[in-house]
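Q: I'd like to ask you about the structure that follows.
Numbering (the UniProt record's numbering), first residue to last: 1 to 587.
This is the structure:
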């Protein structure tokens, strides 16, 4: 598969920009040629008709210069818009999929796209387009006078040297400043998410101090880059002005010695100014160029890891069979696996309860079942097809997922249940709410289904958010529903409604997988799996797993003083996981 690049698909626009640049830079010759003809023809002959003809031709050339320059500016603006319009959806898809390399997980790809668009539409980009034409203008000066040509070449090489020096001086501090700025923005985002707990626990000063350290680094190195680029820019302006003075001074000497005409001297000065301008502007915009180059490199890396599913064939809609084969998860930087050789199989209508001590890998397995956690070995299969072989959009319509932390989108309750899909039917939204036993709760809210939930669902309680998230997981024709501790914030009434919803979903032919620590919910599922240290210690019918896990506790019931020691004694007998699960279920 061909790797995507930032400027893929923009060849036509870029070619048109270069063609427009050709005409713009050729028409720049209007002024020096007009000056040359004035001295050679008009001033020598004193002919007014010649002056009128030359002036008319120059005006016509300037009109075309204006038109081509406007066309080029608009093409450049279109290029920036097309880059943002094409890249943003692909970048967002890559960010949502989570399949990004470690060096990009703290990046801000959308901001990189905006920086790249800002650079493309800036005068610096136009200056870079005009820079190659400096060679043509220097060649014309050589034609007029080799001596003036040598002066121009020396000055242009000096400007180029300043540009290279500016890049070398700004590269290291610029990179450090960008990295520190990204860390600063990430720290601000974290502070805003946790603003309430920071304020309640009196840690505002500590958090601001933490932010200040990162911000100071960004400010320090950003100022250093600005100072160095400003130094090179001012020096480049002085060199350009000195170069034009040198050309005029040498030109006067040549005119006095009858080696050059005044018209050629003035034309050479104009051409030199035009040749030096793009180089000077490039030095002034060097920091923007460095920033855009870094953004382009990061976006190319992201596009290389973005999964292209446009040509993936759709499979028949799944019936819901689920099988897990030797699923193994190892995180970067860790040697011990979070999951190791997990194997199980479920049929439509089954409900599986995942139990086990904290850190055993239950949430990791739940995320792997819905494709959020990549496997280093093994497969998760739905209808015998590996989850990675399904088109994400297609299989996603048949998977429902409720994470531990339920966040809602800014919008109404109905929009959140439908996952902000504008094509969803109100009847389907109500059906999902009724299936999740949350219909009556929604009707008690001001506005009912049209009630606004606020940013991240902040207008609702944790229990209300969880129950609306449950309705979201049940929305549509779900064949696999994975719920990670769905009763963590529920009262007894809500927990009973959850159990009834799971039973009804299974009756409709769905497979429900529930991560839970509570025995009440575990009694309502058909199967259970005990996860211990990333492995399945027990798997089978829920009744059998509950009985096996309850045995160590039941032996300790004769002496109340040893009840809390049952898990410890069970651990000595090799059944610590079962006892820990029972103790958590009864808490």
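Each residue gets a CB set at the ideal place from its N, CA and C atoms; glycine is no exception.
On a CA-only basis, which of 17, 409 and 325 is nearest residue 387? Give me that one, please.
A: That would be 325, whose Cα lies nearest to the Cα of residue 387.
Q: Starting from residue 328, follow its DSSP beta bridges and name the residues at the other end.
A: Looking at the DSSP assignment, residue 328 forms a beta bridge with 377.
Q: Taking its Cβ as the centre, do 16 or more other Cβ atoms sit within 10 Å of residue 232, making it buried, or is it exposed?
A: Buried, because 16 or more other Cβ atoms sit within 10 Å of the Cβ of residue 232.
Q: By the DSSP assignment, the beta strand (DSSP E) with residue 537 in it spans what residues?
A: Looking at the DSSP string, the run of the beta strand (DSSP E) that includes residue 537 is 535–541.
Q: If contact is defined by three or more beta carbon pairs under 8 angstroms, each pair taking one atom from either stretch, is the region 10–27 in contact with the region 76–92?
A: These segments touch.
Q: Looking only at C-alpha atoms, which of 409, 460, 113 and 404 sits nearest to residue 89?
A: Checking every option, the nearest Cα to that of residue 89 belongs to 113.
Q: Measure the Cβ-Cβ separation of residue 484 and residue 402 and say whether it is below 8 angstroms.
A: Result yes, Cβ atoms of residue 484 and residue 402 sit closer than 8 angstroms.
Q: Label residue 25 either buried or exposed according to how many other C-beta atoms from any shown protein chain fall within 10 Å of its C-beta, with 16 as the threshold for buried.
A: Burial call: buried.
Q: When burial is assigned at 16 or more other CB atoms within 10 Å of the CB, is residue 92 buried or exposed?
A: The residue is exposed, with fewer than 16 neighbouring Cβ atoms inside 10 Å.
Q: Suppose only complete runs of 4+ residues qualify. What are the alpha helix (DSSP H) ranges in the region 368–427, listed by chain order?
A: Counting whole runs of 4 or more residues, the region 368–427 contains the alpha helix (DSSP H) stretches 392–396 and 413–417.
Q: Per DSSP, what kind of secondary structure is residue 336 in: helix, strand or coil?
A: Coil.
Q: Which residues mark the beginning and the end of the beta strand (DSSP E) in which residue 353 is found?
A: Element bounds for residue 353: 351–355.
Q: Can you tell me which residues form a DSSP beta bridge with residue 528?
A: The partner list for residue 528 (beta bridge, DSSP) reads 353 and 540.
Q: Relative to the alpha-carbon of residue 183, which residue among 217, 170, 158 and 163 has its alpha-carbon at the smallest distance?
A: Of 217, 170, 158 and 163, the residue nearest in Cα terms is 217.
Q: Identify, in the order they occur along the chain, each residue of the same chain with its Cβ nearer than 7 angstroms to the Cβ of residue 273, setting aside the five sequence neighbours on each side.
A: Contacts found: 244.
Q: When DSSP labels each residue in this structure, what does residue 323 get in the three-state scheme?
A: Strand at residue 323.
Q: Report yes if the C-beta distance between residue 322 and residue 346 is below 8 angstroms; otherwise report no.
A: Against a cut-off of 8 angstroms, the Cβ pair of residue 346 and residue 322 comes out as a contact.
Q: Under the three-state reduction of DSSP, which class applies to residue 47: helix, strand or coil?
A: In this structure, residue 47 counts as coil in the three-state DSSP scheme.
Q: Alpha carbon to alpha carbon, how far is residue 214 from residue 412?
A: One C-alpha to the other measures close to 37 angstroms.
Q: If you run the structure through DSSP and keep just helix, strand and coil, what is residue 452?
A: If DSSP states are grouped into helix, strand and coil, residue 452 belongs with the strands.
Q: Do residue 525 and residue 344 have their beta-carbon atoms positioned less than 8 angstroms apart in this structure?
A: Against a cut-off of 8 angstroms, the Cβ pair of residue 525 and residue 344 comes out as no contact.
Q: If contacts are defined as beta-carbon pairs under 8 angstroms, then residue 229 and residue 163 qualify, I think. What distance do you get, rounded to the angstrom?
A: Not really, about 11 angstroms apart at Cβ, beyond 8 angstroms.
Q: Apart from the five residues on each side of it in sequence, which residues of its chain come closer than 6 angstroms, Cβ to Cβ, to residue 515?
A: Answer for residue 515: 354, 362, 366, 484 and 485, listed in chain order.
Q: Measuring alpha carbon to alpha carbon, tell me which of 207, 166 and 268 ends up nearest residue 227.
A: Of the listed residues, the one whose Cα sits closest to residue 227 is 166.
Q: Kindly indicate which three-state DSSP category residue 254 falls into: helix, strand or coil?
A: In the structure shown, residue 254 sits in a helix (DSSP, three-state: H, G or I).
Q: Among 242, 128 and 168, whose alpha-carbon lies nearest the alpha-carbon of residue 155?
A: Comparing Cα positions, the closest option is 242.
Q: Ordered along the chain, which non-local residues of its own chain (more than five positions away) have a Cβ less than 6 angstroms from that of residue 469?
A: Only 402 and 406 meet the Cβ criterion.
Q: Determine the direct distance from the alpha carbon of residue 429 to that of residue 442, and round the result to whole angstroms.
A: So the alpha carbons of these two residues sit roughly 11 angstroms apart.
Q: Using 10 angstroms around the beta-carbon of residue 416, count the other beta-carbons present and answer buried if the total reaches 16, otherwise exposed.
A: Label assigned to residue 416: buried.
Q: Along the chain, where does the beta strand (DSSP E) containing residue 480 start, and where does it finish?
A: 480–484 is the span of the beta strand (DSSP E), which, as asked, contains residue 480.
Q: Rounded to a whole number of angstroms, what is the C-alpha to C-alpha distance between residue 20 and residue 5?
A: If I take the Cα positions, the gap works out to 24 angstroms.
Q: Leaving aside the five residues before and after residue 117 along the sequence, list all residues of the same chain whose C-beta is less than 8 angstroms from its C-beta, in chain order.
A: Counting only Cβ-Cβ distances below 8 angstroms, and skipping sequence neighbours, we find 80, 81, 83 and 84.
Q: Roughly how many angstroms separate the alpha carbons of residue 110 and residue 459, rounded to a whole number?
A: If you take the alpha carbons of residue 110 and residue 459, they lie about 28 angstroms apart.
Q: To the nearest angstrom, report how far apart residue 643 and residue 149 are at their CA atoms.
A: No answer is possible for residue 643: it lies beyond the span of the chain, which begins at 1 and ends at 587.
Q: Taking residue 514 as part of the beta strand (DSSP E), name the residues at either end of that continuous run.
A: Its beta strand (DSSP E) spans residues 511–515.
Q: Could you tell me which residues DSSP puts in a beta bridge with residue 342?
A: DSSP, once it has assigned bridges, lists 327 as partnering residue 342.
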